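Notes to accompany the following structure.
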């Protein structure tokens, strides 16, 4: 999520319109997309709000399934429970029950939008809110980021023949038989045979690059790859007798 936050900074900064109008503290997390906030300060001209009052705010565009309600509540609580937040409210629309419709931020400048952080996770989804659409394009993007371009391979080897081509730059394809991580955060995708079988082919993603792959393929994407066939491009090397490709750029990995 660290890298997702960076993208959110870029996205919200680029598309920002009004910016936070209220500062407050979360008194209670009501659900995965609703919070109770005590207003501490009015930061911009806004009628109907004053310090000391408590409002119920619903995140614009943020939805979750009934089956995922507990997980949604837990994530929302982890993100904002008891914290100071900053609200940009929709003045012309209200949620059912009278809740204020809001874009909620973790910082006064409006860089880190809670709505966008939540829809970027598998627990939440973006659903347009009638009358409140100023950030729809941003929320829709983070709910379903575009797929990376397909790899164009001039040379393609299957996982079990790639070891005969050490030193070549090529594409290697194979089913993920096991995945693993090191204590330092490196990620290993073992093709064809599981670790520690010496006949496996390994895709190695150093820890310093893992965040870039999570932005493209999702948080901890490797945990969902068992049995799936992947395609990677790079220089084939030997590491302790096992052929591998070291990946640093998500564009060199294709997950159909």
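Numbering (the numbering used here), first residue to last: 550 to 805.
Don't be surprised by glycine CBs; every beta carbon is placed ideally from N, CA and C.
Bear in mind that the values here come from a model prediction, so they are computed numbers and not experimental data.
Could you tell me the distance, in whole angstroms, from the CA atom of residue 756 to the CA atom of residue 662? 26 Å
Candidates 788, 770, 761 and 647: which alpha carbon is nearest residue 584's? 647
Rounded to a whole number of angstroms, what is the C-alpha to C-alpha distance between residue 642 and residue 678? 9 Å
Proximal residues to residue 754 (C-beta, below 7 Å), its chain only, five neighbours per side dropped: 735, 736, 762 and 796
Let me check understanding here. Comparing Cα to Cα, which of 682, 683, 720 and 593 lies closest to residue 699? 720
Which residues in the same chain have their Cβ closer than 7 Å to the Cβ of residue 644, if we skip the five residues on either side of it in sequence? 607 and 650
According to DSSP, is residue 766 helix, strand or coil? helix
Hey, would you say residue 638 sits closer than 8 Å to residue 586, going by beta carbons? no
Any idea if residue 782 is buried or exposed, counting beta-carbon neighbours within 10 angstroms, 16 or more meaning buried? buried
Give me the Cβ distance between residue 588 and residue 601, rounded to the nearest whole Å; I'm assuming they're in contact under 8 Å. 7 Å
Beta-carbon spacing of residue 652, residue 622 below 8 Å: no
From this set, 605, 570 and 571, which residue's C-alpha is nearest residue 581's C-alpha? 605
Touch check for the region 611-622 and the region 666-682: three-plus C-beta pairs under 8 Å? yes
C-alpha gap between residue 627 and residue 702, whole angstroms: 43 Å
Using the Cα positions of residue 749 and residue 730, report the straight-line distance between them to the nearest angstrom. 16 Å
Helix, strand or coil, according to DSSP, for residue 797 in the structure here? coil
Local Cβ density within 10 Å of residue 772, reported as buried at 16 or more and exposed below that: exposed
Environment of residue 561 [buried if 16+ CB atoms lie within 10 Å]: Its pLDDT being 45, under 50, residue 561 is placed unreliably in this model, and the coordinates cannot settle the point.
Simplified DSSP state of residue 739, which is helix, strand or coil: strand
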